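Numbering (this note's numbering), first residue to last: 86 to 158.
No residue lacks a Cβ here, since even glycine has one placed at the ideal position from N, Cα and C.
All values reported here derive from a predicted model rather than from experimental measurement.
Comments concern the structure below.
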Amino acid sequence: MAIVVEIDVLLAKRKMSVRDFGDAIGLSLANVSVLKNGRAKAVRFSTLNAICEALDCQPGDVLRWVPDDGGAR
């Protein structure tokens with residue numbers, strides 16, 4: 086299973102910079118980069134809540150599940 090993080094898409098749609106996003110959710114640029122590039126191993130609910138608040142979205146807009154085999158079942 087692969088969890089895809091859609092933060093880059095949401096930031097682009099909202100024309101929000103990574104720096105402004107990091108400031109809004111209280112994360113450093115390095116940690117935002119880890120999240121944005123899908124290298125995070127876990128996300129706290131408080132962080133997910135801050136992301137959803139800053140981007141005015143739902144958790145399902147931020148995270149998407151993709152099967153390991155690329156979609157074939």
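DSSP places Arg104 in the uninterrupted alpha helix (DSSP H) bounded by Val103 to Ile110.
Along the length of the segment 128-155, whole beta strand (DSSP E) runs at least 3 residues long occupy 148-151, reported in chain order.
In the assembly as shown, Ile92 is a buried residue. Its beta-carbon has 16 or more other beta-carbons within 10 Å. The three-state secondary structure of Ala97, taken from DSSP, is helix. Per DSSP, the unbroken alpha helix (DSSP H) holding Ala115 starts and ends at Leu114 to Lys121.
Contact between Asp153 and Ala87 holds: their C-beta atoms lie close to 6 Å from each other, under 8 Å.
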